[in-house]
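Chains as they are written, first to last, in my numbering: chain A, 1 to 234; chain B, 235 to 368.
Here a beta-carbon is modelled for each residue, glycine too, at the ideal position from N, C-alpha and C.
If you're wondering where the values come from, they're calculated on a predicted model, not measured in any experiment.
Report on the following structure.
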Amino acid sequence: MTLITFKTRLKGAQKGHSLLKKKADALVMRFRSILAVLKEAKEKMCDEMRAAHVALAYSKYHAGDAGVSFAVQECMKQQPLKTRIRSDNVAGVAIPIFQRGDLLSGNDTAGMGKGGEQIREARNKWQQTLANLVKAGSLQTQFVVLDAAIKITNRRVNALDKVVVPKIINTLAYINSELDELEREEFFRLKMIQKKKKNLAEEELRQDELARQAGVAEAPSMLETFGADEDIVA
Amino acid sequence: MVIKIKEGEEKLVGVIGDEDTVTGMLLAGVGDNNAEKKARYGPNYFIATRDKHLDQLEEAFTRMTNRPDIVVVLITQGVANDIRHLIVDYDKTIPAVLEIPSKDIPYDANDDTVLCKVNIALGNGDVVRGKKKK
Numbered sequence: 001m002t003l004i005t006f007k008t009r010l011k012g013a014q015k016g017h018s019l020l021k022k023k024a025d026a027l028v029m030r031f032r033s034i035l036a037v038l039k040e041a042k043e044k045m046c047d048e049m050r051a052a053h054v055a056l057a058y059s060k061y062h063a064g065d066a067g068v069s070f071a072v073q074e075c076m077k078q079q080p081l082k083t084r085i086r087s088d089n090v091a092g093v094a095i096p097i098f099q100r101g102d103l104l105s106g107n108d109t110a111g112m113g114k115g116g117e118q119i120r121e122a123r124n125k126w127q128q129t130l131a132n133l134v135k136a137g138s139l140q141t142q143f144v145v146l147d148a149a150i151k152i153t154n155r156r157v158n159a160l161d162k163v164v165v166p167k168i169i170n171t172l173a174y175i176n177s178e179l180d181e182l183e184r185e186e187f188f189r190l191k192m193i194q195k196k197k198k199n200l201a202e203e204e205l206r207q208d209e210l211a212r213q214a215g216v217a218e219a220p221s222m223l224e225t226f227g228a229d230e231d232i233v234a
Numbered sequence: 235m236v237i238k239i240k241e242g243e244e245k246l247v248g249v250i251g252d253e254d255t256v257t258g259m260l261l262a263g264v265g266d267n268n269a270e271k272k273a274r275y276g277p278n279y280f281i282a283t284r285d286k287h288l289d290q291l292e293e294a295f296t297r298m299t300n301r302p303d304i305v306v307v308l309i310t311q312g313v314a315n316d317i318r319h320l321i322v323d324y325d326k327t328i329p330a331v332l333e334i335p336s337k338d339i340p341y342d343a344n345d346d347t348v349l350c351k352v353n354i355a356l357g358n359g360d361v362v363r364g365k366k367k368k
């Protein structure tokens with residue numbers, strides 16, 4: 001009965017192991033696809049930032065610091081850029097994805113005054129940069145989450161593979177060997193008893209032989225064996 | 235680490251950087267003017283000029299990363315290098331800490347904590363620099 005329990009446990013552990021392995025593979029696939037994109041996004045970010053800074057410097061040159069700060073204050077009055085978090089599910093792991101909310105609508109008052117065109121140009125560049133940065137941030141978060149999840153899953157897979165399953169297999173082997181041992185002992189015991197019985201039977205036979213040889217007359221007749229019986233007329 | 239994500243909830247972006255970077259970001263519309271949020275958490279941007287002390291930077295970073303309504307914190311690499319010890323120990327999923335280059339400091343990929351981890355994962359990593367997290 002314990003054997004059955006352990007056999008079931010082994011099957012469970014093996015099934016769990018293969019399922020977890022599949023989960024780890026799915027996670028790693030998603031991970032790798034993000035990795036390349038993330039690296040590229042970060043490198044692109046440098047160029048974009050530089051372009052954005054140039055545009056800003058340009059607009060400062062044209063509109064002066066005051067013009068730019070005025071534009072900034074106008075922007076502050078509006079709703080800030082919002083990102084929405086969506087959660088994606090990869091093989092049971094919830095991964096956050098950042099979705100950029102709506103960009104600021106064209107702020108017309110920023111166009112007034114000197115250098116308005118440059119300011120708008122700068123703002124567009126910065127918004128573009130920001131959008132890419134949000135994307136990069138989103139990829140980064142996904143990367144971190146997947147990394148942690150992969151580590152945990154791999155740990156579990158390895159634990160099942162190297163610790164749990166061998167232990168159960170050992171226990172099963174032990175149980176089987178014990179059962180075999182018991183069976184052998186039983187068999188041996190039976191054989192011993194058989195041998196003893198045979199010896200006893202042989203011994204009796206020999207005794208009879210001896211008795212017969214010693215004196216035929218002395219062989220007990222059936223009448224004597226049964227003793228005096230009043231029914232039997234001798 | 236379980237992240238509680240409420241689908242569709244709208245979050246903000248935080249910025250810590252030099253004056254030009256923050257100006258540009260505010261121009262793009264990052265600045266939050268919600269009076270109530272400002273009173274509760276303080277502004278979601280921080281201008282790190284040369285005269286700001288280290289603990290002010292640290293405080294701004296901690297404040298922004300503890301806010302539940304900020305989802306990405308953009309930090310220029312100059313500031314990031316100053317508070318590197320905080321960033322390396324930072325292990326929350328949200329908000330994400332993203333290092334951006336600033337105008338005068340060129341982007342150094344070796345300093346970026348996350349890129350280090352990426353490189354380690356890709357197998358061509360500098361193990362000394364990156365810190366393996368359990």
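Annotation for B:I334: the continuous beta strand (DSSP E) segment containing it runs 330-334. Cβ-Cβ separation between A:R156 and A:L3: approximately 27 angstroms, too far for a contact (criterion under 8 angstroms). Annotation for B:S336: G251, D252, T255, T310, Q311, G312 place their beta carbon closer than 7 angstroms to its own, counting only its chain and skipping 5 residues before and after.
Short of 8 angstroms from the beta carbon of A:A136, and not among the five residues preceding or following it, lie these beta carbons of its own chain, in chain order: L38, A41, K42, M45. Each residue's CA atom was taken as its position, placing B:P302 and A:R9 some 44 angstroms apart. The alpha carbon of A:Q140 has as its nearest neighbour, out of A:S87, A:I34, A:L210, the alpha carbon of A:I34.
DSSP, reduced to helix, strand and coil, places A:E230 outside both helices and strands of the structure shown, so it counts as coil. Sequence-distant Cβ neighbours of A:V90 in its own chain, meaning closer than 8 angstroms and more than five residues away, are A26, L27, R30, L146. Put simply, of B:V306, B:V322, B:C350, B:L320 the residue whose alpha carbon is nearest the alpha carbon of B:V331 is B:V306. In terms of beta-carbon proximity, B:A330 lines the interface with chain A, with at least one pair separated by less than 9 angstroms. Here the C-alpha atom of A:T129 lies approximately 14 angstroms from the C-alpha atom of A:R120. Interface residue (Cβ-Cβ distance to chain B less than 9 angstroms): A:Q127 is classified as such. Contact holds between the segment 256-266 of chain B and the segment 45-63 of chain A, because three or more Cβ pairs, one in each stretch, are under 8 angstroms apart. The beta carbon of B:F295 is closer than 7 angstroms to those of I250, I317, L320 in its chain, skipping five residues each way along the sequence.
By the rule that beta-carbons nearer than 9 angstroms mark a contact, A:F187 does not touch chain B.
Residue environment analysis places A:Y61 among the exposed positions, since fewer than 16 neighbouring C-beta atoms fall within 10 angstroms of its C-beta. If you draw a straight line from the Cα of A:Q14 to the Cα of A:D180, it is about 25 angstroms long. A direct Cα-to-Cα measurement between A:A36 and A:Q99 gives close to 20 angstroms. DSSP assignment within the segment 131-218 of chain A yields the following whole alpha helix (DSSP H) runs of 4 residues or more, N-terminal first: 165-214. The C-beta of B:L320 comes no closer than 9 angstroms to any C-beta of chain A. Apart from sequence neighbours up to five positions away, the residues of its chain that approach A:I169 with a beta-carbon distance below 7 angstroms are L10, ordered along the chain. Not a single C-beta of chain B is nearer than 9 angstroms to the C-beta of A:H17. By the neighbour-count criterion, in which a residue is buried when 16 or more other Cβ atoms sit within 10 angstroms of its Cβ, A:R123 is buried.
Within the segment 41-106 of chain A, the complete beta strand (DSSP E) segments at least 3 residues long are 83-90, 93-100, listed from N- to C-terminus.
In the DSSP assignment, B:G312 falls within the unbroken alpha helix (DSSP H) covering 311-316. Taking 9 angstroms as the cut-off, the Cβ atoms of A:L133 and B:G263 do not count as close. According to the DSSP secondary-structure assignment, B:V249 is paired through a beta bridge with B:Y279, B:L308. A buried status is given to B:N278, since no fewer than 16 other beta-carbon atoms sit within 10 Å of its beta-carbon. For B:D289, the uninterrupted alpha helix (DSSP H) run begins and ends at 288-300, by DSSP.
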